[in-house]
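Trainee:
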Amino acid sequence: MAAFNLKNWLGENRELVISKYNDLTNERFYDGVTLKVFMLEVMNLMSQFKSAKMCANMLPTMIGNVYFEHSRVFAEDKVTDALREKHEGTAYMALV
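Under our numbering, the first residue of the sequence shown carries the number 3, and numbering increases by one thereafter.
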């Protein structure tokens, strides 16, 4: 039985990783990670698996973890913005 090589296995399945990366770049909350960094992070997370079967089972989860780490959700705080406008230049600004 040949030894399992993660780099070769990911090379064979790179289409899935690249398609997930492309999905991430189209997200509104994408934080600008490069494809190289994305693939390296997937490789680092999957380095603990020693068989092709385990890698096949865990690949969507590991890609999801990296995908989640590189998505940032920003929300507008309308209440704080309104308070800032109302108390601009006053002592109350320190509280806002």
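Backbone N, C-alpha and C fix where the C-beta goes; we use that ideal spot for every residue, glycine too. Remember, predicted model here, so these are calculated numbers, not experimental data.
For Phe40, does the count of other Cβ atoms within 10 angstroms reach 16, so buried, or fall short, so exposed?
Mentor: As a position in the sequence shown, residue 40 is number 38, starting the count at 1. Buried, by the Cβ-count rule.
Trainee: Among Lys52, Arg16, Ile20, which residue has its Cα nearest to the Cα of Ala5?
Mentor: Here residue 5 is taken as the residue at index 3 of the sequence shown, counted from 1. Comparing Cα positions, the closest option is Lys52.
Trainee: Short check: CB of His72 to CB of Asp33, under 9 Å?
Mentor: Taking the first residue of the sequence shown as position 1, residue 72 is located at position 70. Taking the first residue of the sequence shown as position 1, residue 33 is located at position 31. Yes.
Trainee: As a quick exercise: from Leu47, Val75, Val81, Lys80, pick the residue whose alpha carbon is nearest that of Leu12.
Mentor: For this step, residue 12 is matched to residue 10 along the sequence shown. Nearest C-alpha to Leu12: Leu47.
Trainee: With a CB to CB cut of under 7 Å and the five nearest residues on each side skipped, what residues in its chain are close to Asn15?
Mentor: Looking up residue 15 in the sequence shown gives position 13. Around Asn15: Leu61.
Trainee: Between Val68 and Glu29, is the Cβ-Cβ spacing less than 9 Å?
Mentor: Along the sequence shown, one-based indexing puts residue 68 at 66. Along the sequence shown, one-based indexing puts residue 29 at 27. Cβ distance not < 9 Å, so Val68 and Glu29 don't count as in contact.
Trainee: Given a threshold of 16 other Cβ atoms within 10 Å of its Cβ, counted over all protein chains shown, does Met64 qualify as buried or as exposed?
Mentor: Here residue 64 refers to the residue found at position 62 when the sequence shown is read from its first residue. It is buried - the Cβ of Met64 has at least 16 other Cβ atoms within 10 Å.
Trainee: Going by other Cβ atoms of all chains shown within 10 Å of its Cβ, with 16 needed for buried, is Val19 buried or exposed?
Mentor: On the sequence shown, position 17 is the one that residue 19 refers to. By the 10 Å Cβ count, Val19 comes out buried.
Trainee: Mapping DSSP to helix, strand and coil, what is Ser49?
Mentor: For this step, residue 49 is matched to residue 47 along the sequence shown. Residue state, collapsed to three classes: coil.
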